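Residue numbers (our numbering), protein chains in the order written: chain F, 108 to 237; chain B, 48 to 224.
Pasting the structure below:
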């Protein structure tokens, strides 16, 4: 079998990471850890975000951002930031040896972008080491 | 010179990425991720798009886009379908219910099929001869879809090129109608 699936330990670590983000970030609406091929690993939602759809979109967006960085020769992509009228979405890849994950954080417009970027990167690094 | 956008779609493992790689003049762009779906024994899967280019003898360029196969990525189907002149639906005849698979893409690309050109190409028929092409033809007729149908090995450049010729012929016929 060629597939790799998240271990129970990874599921636990991912849920812990999600719970921490929900406590740390101001005006956070949703936090999701998904596989790079678009399946939810752990999530927490305060609005009506469709987690299954966001999981798939996160996989696509992270992959497209990575290839954009390669094709333009600006190096490995760190994150994808969507700025919208009502808030932000940040997507960060957590590159592990077994399988890569995508951390997605959705916030309202009261979120502080610097805080969001800092904690998203910290959380992604924790997922890489989990 | 004119450029034309062509889509390749179909189930995971049907050969979309392989087909584009077979004819693309430069190494195609791929967005593959490790597969975690245990229902499919495949190491990787396309999660964004594939992209390749092919220049025709008349100087026109074909921009070839491969979609992710799984329905959960159907938002990419909508995005990639914009401005496409035609769609190739690749079917894997080794799967349990290829006709049901075909239905997913006939529904997912219904508008594009109605407005543009479409070709259905069935792979792995040499080792999995059923359903046969007659059954596929009857199935398409039952869905009110009229489009060319052919067997294919997407690893063969000549066959993928022929597939594109058939698609372009469809476009010419529609333009003249």
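Each residue gets a CB set at the ideal place from its N, CA and C atoms; glycine is no exception. Given the structure is predicted, the values throughout are model-derived calculations rather than measurements.
Residue i and residue j: beta carbons closer than 9 angstroms?
i: residue 52 of chain B; j: residue 106 of chain B; result: no
i: residue 199 of chain F; j: residue 227 of chain F; result: yes
i: residue 225 of chain B; j: residue 110 of chain F; result: Any answer about residue 225 of chain B is impossible in this case: the structure gives chain B only from 48 up to 224.
i: residue 110 of chain B; j: residue 140 of chain B; result: no
i: residue 66 of chain B; j: residue 137 of chain B; result: yes
i: residue 93 of chain B; j: residue 100 of chain B; result: no
i: residue 135 of chain B; j: residue 216 of chain B; result: no
i: residue 167 of chain F; j: residue 147 of chain F; result: no
i: residue 139 of chain F; j: residue 173 of chain F; result: no
i: residue 194 of chain F; j: residue 176 of chain F; result: no
i: residue 120 of chain B; j: residue 145 of chain F; result: yes
i: residue 91 of chain B; j: residue 75 of chain B; result: no
i: residue 133 of chain F; j: residue 222 of chain F; result: yes
i: residue 218 of chain B; j: residue 195 of chain B; result: no
i: residue 163 of chain B; j: residue 118 of chain B; result: no
Measuring alpha carbon to alpha carbon, tell me which residue in the options is nearest residue i.
i: residue 113 of chain F; options: F:197, F:126, F:129, F:149; result: F:149
i: residue 81 of chain B; options: F:212, F:216, F:204, F:224; result: F:204
i: residue 206 of chain F; options: F:142, F:118, F:129; result: F:142
i: residue 231 of chain F; options: F:208, F:177, F:217; result: F:208
i: residue 220 of chain F; options: F:233, F:187, F:175; result: F:187
i: residue 217 of chain F; options: F:183, F:191, F:180, F:210; result: F:191
i: residue 173 of chain B; options: B:155, B:199, B:189, B:163; result: B:199
i: residue 62 of chain B; options: B:153, B:142, B:178; result: B:142
i: residue 79 of chain B; options: B:222, B:221, B:60, B:162; result: B:60
i: residue 184 of chain B; options: B:150, B:209, B:132, B:72; result: B:150
i: residue 89 of chain B; options: B:116, B:207, B:213; result: B:116
i: residue 50 of chain B; options: B:102, B:98, B:73, B:77; result: B:102
i: residue 178 of chain F; options: B:182, B:188, B:73, B:161; result: B:73
Tell me which residues share the same chain as residue i and place their Cβ nearer than 6 angstroms to its Cβ, disregarding the 5 neighbours each side in the sequence.
i: residue 197 of chain B; result: 168
i: residue 185 of chain F; result: none
i: residue 186 of chain B; result: 146
i: residue 188 of chain B; result: none
i: residue 48 of chain B; result: 106, 107
i: residue 206 of chain B; result: 199, 200
Going by beta carbon distance, what residues of the same chain come within less than 7 angstroms of residue i, once the five residues before and after it are set aside?
i: residue 204 of chain B; result: 69, 70
i: residue 202 of chain F; result: 235
i: residue 128 of chain B; result: 54, 156, 159
i: residue 208 of chain B; result: 70
i: residue 128 of chain F; result: 135, 138, 212, 226, 230
i: residue 131 of chain F; result: 226
i: residue 126 of chain B; result: none
Going along the chain, which residues of its own chain have a beta-carbon closer than 8 angstroms to the beta-carbon of residue i, five neighbours each way excluded?
i: residue 155 of chain F; result: none
i: residue 170 of chain F; result: 143
i: residue 137 of chain F; result: 150, 151, 152, 153, 154, 156, 158, 161, 211, 212, 213
i: residue 317 of chain F; result: Only positions 108 to 237 of chain F appear in the structure, and residue 317 of chain F is not among them; the question remains open.
i: residue 118 of chain F; result: 148, 149
i: residue 224 of chain F; result: 186, 188, 197
i: residue 125 of chain F; result: 138, 139, 140, 149, 150, 151
i: residue 183 of chain F; result: 173, 176
i: residue 45 of chain B; result: No answer is possible for residue 45 of chain B: the residues shown for chain B start at 48 and end at 224.
Thinking residue i and residue j are a contact (beta carbons under 8 angstroms), I'd like their distance in whole angstroms, please.
i: residue 165 of chain B; j: residue 113 of chain B; result: At roughly 16 angstroms, the Cβ-Cβ gap does not stay under 8 angstroms, so residue 165 of chain B and residue 113 of chain B are not in contact.
i: residue 124 of chain B; j: residue 95 of chain B; result: Between residue 95 of chain B and residue 124 of chain B the Cβ distance is about 12 angstroms, and since that is not below 8 angstroms, they are no contact.
i: residue 178 of chain B; j: residue 145 of chain B; result: 6 angstroms
i: residue 153 of chain B; j: residue 190 of chain B; result: 6 angstroms
i: residue 226 of chain B; j: residue 58 of chain B; result: No statement about residue 226 of chain B is possible, as the shown extent of chain B runs from 48 to 224 and does not include it.
i: residue 77 of chain B; j: residue 104 of chain B; result: Contact flag wrong, Cβ pair sits at about 27 angstroms.
Pick out the complete beta strand (DSSP E) segments inside the stretch 111-158 of chain B, 3 residues or longer, and give them in chain order. 133-139
Hey, which unbroken runs of the alpha helix (DSSP H) at 4 residues or more fall wholly within the stretch 117-161 of chain F? none
Taking only runs of the alpha helix (DSSP H) that begin and end inside the stretch 167-195 of chain B, which ones reach a length of at least 4 residues, in chain order? 180-189
Report the residue ranges of all beta strand (DSSP E) runs contained in full by the stretch 157-228 of chain F; include only those spanning at least 3 residues, in chain order. 186-191, 194-201, 208-215
At 3 residues or longer, what runs of the beta strand (DSSP E) sit wholly inside the stretch 54-96 of chain B? 79-81, 91-93
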